[in-house]
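Chemist: Numbering-wise (the working numbering), the sequence shown opens with residue 463 and increments by one.
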Amino acid sequence: LTLTAGENAVYQGDEIEVPLIEIAHARSGDKGNHSNIGVIARKADYLPWIRAALTEQSVASYMQHVLDAEKGRVIRYELPGLNALNFMLENALGGGGVASLRIDPQGKAFAQQLLDMPVKVPAHLLEK
């Protein structure tokens, strides 16, 4: 399977489910009342599978416990050349910084939470 930059992988039915942490690194932090999560593929071959699994909708669903029920949303940005994606979780910090009463008012643990998300990849990619 050969994919060009920006393409999603197409599921063939022979994939296995693994936690995102097996194929990616991630880091998160705050931007006011918003949080961003950067996800970097451990190998370029993993990026199409990460892109296919981590849509704005799937990340919003997985992280719904931190998003404001009325104003929360997720925006995904591509980072060409870095084999990475950046997710902006808008209205996810309960006011952010010193205004928030949440246990993680700066969203520093959001990346680790997202790294637990199950993603599907072909088994042969993990063997390389």
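For every residue, glycine included, the Cβ atom is placed at its ideal position computed from N, Cα and C.
1. Once the 5 residues before and after A486 are set aside, which same chain residues still bring their CB inside 8 Å of it?
2. What residue from D492, Q474, E484 has the CA that sits closest to G559's CA?
3. Whole alpha helix (DSSP H) runs in the region 512–561 with 4 or more residues, listed along the chain?
4. Going by Cα to Cα distance, which pick from E518, P580, L555 is closest to A571?
5. Suppose only complete runs of 4+ residues qualify. What are the alpha helix (DSSP H) ranges in the region 468–515, listed by chain order?
6. So, for A514: in the same chain, excluding its five sequence neighbours on each side, which residues have a beta-carbon less than 6 Å away from its beta-carbon?
7. Should Q474 be labelled buried (16 or more other beta-carbon atoms within 10 Å of its own) or exposed?
8. Rounded to a whole number of angstroms, what is the C-alpha to C-alpha distance between P481 and I565?
9. Could you name the residues that DSSP lists as bridge partners for K570?
10. Tell me, to the nearest whole angstrom, how far the beta carbon of N553 is from that of N495; I am working on the premise that it is less than 8 Å.
11. Do A546 and I478 have their C-beta atoms closer together than 9 Å?
12. Given that a residue counts as buried once 16 or more other Cβ atoms are within 10 Å of its Cβ, and exposed if not, what is L588?
Modeler: Once the coordinates are examined:
1. The residues are V501, I502, A503, R504, Y508, I512, L577.
2. Looking at the Cα atoms, D492 is the closest of the given residues.
3. Runs of alpha helix (DSSP H) with 4 or more residues, each lying fully within the region 512–561, are found at 518–524, listed in chain order.
4. Shortest Cα-Cα distance from A571 to any of E518, P580, L555 involves L555.
5. Those alpha helix (DSSP H) runs which fall completely within the region 468–515 and span 4+ residues are 509–515.
6. N470, A471, listed in sequence order.
7. Around the beta-carbon of Q474, fewer than 16 other beta-carbon atoms lie within 10 Å, marking it exposed.
8. Those two C-alpha atoms are separated by around 24 Å.
9. Bridge pairing for K570: absent [DSSP].
10. Between N553 and N495 the beta-carbon gap is near 6 Å, inside 8 Å, which marks them as a contact.
11. In this structure, A546 sits away from I478, with a CB-CB distance that is not shorter than 9 Å.
12. Exposed is the call here.
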